[in-house]
Amino acid sequence: MLEALLCVIGRDLRLAMRRRSDVATALLFFVIVVTLFPLALGPEPNLLRAIAPGVIWVAALLASMLSAARLFAADYADGTLEQMALSATPLGAIVAAKVAAHWLVSGLPLVAIAPVLALQFDLDQSLLGALVLSLLLGTPVLSFIGAIGAALTLGVRGSGVLTALLVLPLYVPVLVIGAGALDVAAAGQSSEPHFLLLAALLVLAGAFTPWAIAAALRISLE
Amino acid sequence: MLEAIGLGCVRGERTLFSGLDFALAAGELLRVAGANGSGKTSLLRIVCGLLAPSAGEVRWNGASARALREEYWRRLLYIGHANAIKDDLTAAENLAVACTLSGVRAEPARIGEALRRMGLAPYGSRPCKLLSQGQRRRVALARLHLATATPLWVLDEPFAALDATAVAEVEALIAGHVARGGIAIYTTHQEAHIGAAVAHTINLDEGARAC
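Residue numbers (my numbering), protein chains in the order written: chain A, 1 to 222; chain B, 1001 to 1211.
Written out as structure tokens, the structure reads:
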């Protein structure tokens, strides 16, 4: 079983490497959205510092949703998803491997580039660690939740907007806790409770969403 | 080994077939015939467990296939209309992924051999987007060379887009599988000449018919 999961992760990473433009689009979208705010609001340092966590988190959320919406579309179109549904490995485990690969390709780059973007907002250096950690724990949850939306809207016309409507409300707890971690840290308090909550969300999402996604995929395949 | 009991399929408002029974033992071949839209693909998808029948059930060694799940799928090889081939991967990579997913062990040497037998040796290391439709079909069907230990083969239009040599090769593969004691179910529009000791046909045009 482990062999099959590593094979799926390896396949998705290899596909992403051979089609780098798809990976770059989500990352550039993140960079551009974050950059629009300082341009629109003007160079008022206190204002920028105050909105930085929220802006970066909302942009990460939108970028993650955009890339997750297409998570199963290609496999559905070319019949690979049928083969995955008929695999000797449980579909839920294969789905978890696909989400993991998706996060490595689209979530991890966001986490890595976020501290650089934070410079535009003059975010205090001591907060960069909290920013990275909150995104590191939060973006995989976003990938799992986005995958539910992608699975439910598979093969539906206009599925992009529908996925957004389904998924964005479910992102709210992650957004509140993730951005909250930075606000608390900025106020000089410990943001450890927020990180623990994010970690708990990650464990819950990792344990339960793959089975919900697998069930949704089976319905879409019928 | 494989039994279908009272299978019915309703798509939209249309009843494609109902009360369909068949039983296949080791070494038996079943051809599903019928016009376009008569429900051949739906029947195969029901047999695989991709589609829930509106009535009846599929049994494998007496147990419901939908309850066996992975236990059943481990013994099943399904090649559908879609080739399940990624344009950006090479033929060998595609084949390796397909085999790993279906739980078939496939060493690189055996994959190379399977591609060679399907006449794809010169294309093994090129991305599949450079292959023609027929060549892609051959990549998908190359799995048949590797899945010799998988007892149940379900093939939806295996001969579509293939040239005469490839058709003969696939016919020989199916005949060999049945001769080894495997079960094969397939659909086709063209005349196929597959040598099998016990060969059944279900014609969905004439209503559900037991065999």
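Just so it is clear, CB atoms sit at the ideal spot from N, CA and C, and this is done for glycine as well. Since we're looking at a predicted model, the values are computed, not measured.
Residue i to residue j span [Cα, whole Å]
i: D122 of chain A; j: G178 of chain A; result: 19 Å
i: H1081 of chain B; j: L127 of chain A; result: 54 Å
i: A60 of chain A; j: L110 of chain A; result: 7 Å
i: L131 of chain A; j: A199 of chain A; result: 14 Å
i: G149 of chain A; j: L2 of chain A; result: 26 Å
i: F72 of chain A; j: G155 of chain A; result: 10 Å
i: V1154 of chain B; j: L197 of chain A; result: 48 Å
i: V203 of chain A; j: A101 of chain A; result: 17 Å
i: P173 of chain A; j: L66 of chain A; result: 19 Å
i: L221 of chain A; j: I1079 of chain B; result: 15 Å
i: R1209 of chain B; j: L1020 of chain B; result: Any reading at R1209 of chain B must be qualified, since the residue scores a pLDDT of 47, below 50, and its modelled position is unreliable; the value itself is stated next. In a straight line, the C-alpha of R1209 of chain B is about 6 Å away from that of L1020 of chain B.
i: A1220 of chain B; j: T1041 of chain B; result: What the structure shows of chain B is the stretch from 1001 to 1211, and residue 1220 of chain B is not part of that stretch, so it cannot be assessed.
i: H1189 of chain B; j: R1014 of chain B; result: 22 Å
i: L6 of chain A; j: C1099 of chain B; result: 13 Å
i: L1173 of chain B; j: A1084 of chain B; result: 20 Å
i: A1096 of chain B; j: G1103 of chain B; result: 11 Å
i: T80 of chain A; j: R1066 of chain B; result: 20 Å
i: L201 of chain A; j: V99 of chain A; result: 15 Å
i: L1077 of chain B; j: H1145 of chain B; result: 12 Å
i: A85 of chain A; j: F144 of chain A; result: 18 Å
i: S190 of chain A; j: S134 of chain A; result: 13 Å
i: A187 of chain A; j: L41 of chain A; result: 23 Å
i: R1126 of chain B; j: R1116 of chain B; result: 14 Å
Any chain A beta carbon closer than 8 Å to residue i
i: E1070 of chain B; result: yes
i: L1120 of chain B; result: no
i: D1156 of chain B; result: no
i: V1139 of chain B; result: no
i: T1100 of chain B; result: yes
i: W1073 of chain B; result: yes
i: D1088 of chain B; result: yes
i: N1083 of chain B; result: yes
i: A1184 of chain B; result: no
i: Y1078 of chain B; result: yes
i: C1009 of chain B; result: no
i: V1097 of chain B; result: yes
i: L1050 of chain B; result: yes
i: G1176 of chain B; result: no
Min CB distance residue i to chain B below 8 Å
i: G92 of chain A; result: no
i: R14 of chain A; result: yes
i: D183 of chain A; result: no
i: D22 of chain A; result: no
i: A96 of chain A; result: no
i: Q189 of chain A; result: no
i: T89 of chain A; result: yes
i: L217 of chain A; result: no
i: D122 of chain A; result: no
i: T163 of chain A; result: no
As assigned by DSSP and simplified to three states, the class of residue i
i: E1107 of chain B; result: coil
i: I1185 of chain B; result: strand
i: A69 of chain A; result: coil
i: L1077 of chain B; result: strand
i: T89 of chain A; result: coil
i: R19 of chain A; result: coil
i: P1127 of chain B; result: strand
i: A205 of chain A; result: helix
i: G10 of chain A; result: helix
i: A1197 of chain B; result: coil
i: R1059 of chain B; result: strand
i: A82 of chain A; result: Checking the sequence, you will find Glu at residue 82 of chain A rather than Ala. DSSP places E82 of chain A in helix when its eight states are reduced to three.
i: A1004 of chain B; result: strand
i: S1038 of chain B; result: coil
i: G1012 of chain B; result: coil
i: A1147 of chain B; result: coil
i: D1021 of chain B; result: strand
i: L1162 of chain B; result: coil
i: V1178 of chain B; result: helix
i: A1033 of chain B; result: strand
i: I1202 of chain B; result: strand
i: E1171 of chain B; result: helix
i: S1064 of chain B; result: strand
i: E1028 of chain B; result: strand
Whole-Å CB distance - residue i paired with residue j, under 8 Å assumed
i: C1009 of chain B; j: G1039 of chain B; result: 6 Å
i: G1006 of chain B; j: G1056 of chain B; result: 4 Å
i: G146 of chain A; j: S64 of chain A; result: 6 Å
i: R1137 of chain B; j: G1119 of chain B; result: With a Cβ gap of about 12 Å, R1137 of chain B and G1119 of chain B do not count as contacting.
i: S141 of chain A; j: A205 of chain A; result: Reading the sequence as shown, one finds Val at residue 141 of chain A and not Ser. V141 of chain A to A205 of chain A, Cβ: 5 Å. Contact.
i: G1181 of chain B; j: A1026 of chain B; result: 4 Å
(request) Mind the definition here: the region 182 to 192 of chain A touches the region 206 to 222 of chain A only if three or more C-beta pairs lie below 8 Å; say whether that holds. (result) no
(request) Could you tell me whether the region 1120 to 1132 of chain B touches the region 1162 to 1181 of chain B, where touching means 3 or more Cβ pairs closer than 8 Å? (result) no
(message) Any contact between the region 11 to 20 of chain A and the region 31 to 39 of chain A? By contact I mean 3 or more CB pairs, one from each, below 8 Å.
(response) no
(message) Assess contact between the region 1072 to 1087 of chain B and the region 1047 to 1062 of chain B, defined as three or more Cβ pairs (one per stretch) separated by less than 8 Å. Is contact present?
(response) yes
(request) Give a yes or no on contact between the region 14 to 25 of chain A and the region 1103 to 1120 of chain B, applying the rule of three or more CB pairs nearer than 8 Å. (result) no
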